[in-house]
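At position 30 of the sequence shown the residue is numbered 32 (our numbering), and the sequence of numbers has no breaks. One structure below.
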Amino acid sequence: MQEFVASVSSFAQFKEDRKTVFAVVRAFELMGEATKSIPTPFRRRHPGIPWREMAGMRDKVIHEYFGVDVAVLWKTATEDVPAVTEAIRTILESESGTRLL
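Structure (structure tokens):
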């Protein structure tokens, strides 16, 4: 997702670039699906990750595609996702070799 938004220089450019908007929507769908498959014990061990919000974003873009606020997509993709991605990367590195359960 970060690669997609990196290809545009501003929100104005993003909202006019239908391919990039579509790619970001699809990335949110996949991220939400992946989130839902993470075992509950793992999610409970890491309450600082917004698991519910990540899954909720997937539901929103799937069920309200034509009503999705492109500004929310942009803000979430450029401001929230990088920090969450880094936090998850840190968790995975620290738990390397540990089972998810």
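Backbone N, C-alpha and C define an ideal beta-carbon position, used for all residues, glycine too. As the structure is a prediction and not an experimental result, all values here were calculated from the model.
Residue i: first and last residue of the uninterrupted alpha helix (DSSP H) it sits in
{"i": "Glu97", "result": "Per DSSP, Glu97 belongs to no alpha helix (DSSP H) and is neither H nor E."}
{"i": "Glu31", "result": "Arg20 to Lys38"}
{"i": "Val72", "result": "Val72 to Lys77"}
{"i": "Glu81", "result": "Here Glu81 belongs to no alpha helix (DSSP H), and DSSP marks it neither H nor E."}
{"i": "Gly58", "result": "Trp53 to His65"}
{"i": "Val7", "result": "Gln4 to Ala8"}
Nearest neighbour of residue i, chosen from the options [CA to CA]
{"i": "Val23", "options": "Arg47, Met59, Val10 and Val83", "result": "Val10"}
{"i": "Val86", "options": "Gly34, Asp19 and Asp71", "result": "Gly34"}
{"i": "Ala25", "options": "Pro84, Thr92, Ala79 and Ser96", "result": "Ala79"}
{"i": "His65", "options": "Glu31, Thr42 and Pro84", "result": "Glu31"}
{"i": "Gln15", "options": "Glu81, Thr37, Ala73 and Pro43", "result": "Ala73"}
Assigned exposure category for residue i - 16 Cβ within 10 Å defines buried
{"i": "Leu75", "result": "buried"}
{"i": "Arg47", "result": "exposed"}
{"i": "Lys62", "result": "buried"}
{"i": "Phe68", "result": "exposed"}
{"i": "Ala57", "result": "buried"}
{"i": "Thr37", "result": "buried"}
Cβ separation of residue i and residue j, assumed to be a contact under 8 Å, to the nearest whole Å
{"i": "Ala29", "j": "Met59", "result": "The Cβ separation is near 10 Å, so there is no contact."}
{"i": "Ala8", "j": "Gly50", "result": "Their Cβ separation, rounded to whole angstroms, is 25 Å, which puts Ala8 and Gly50 out of contact at 8 Å."}
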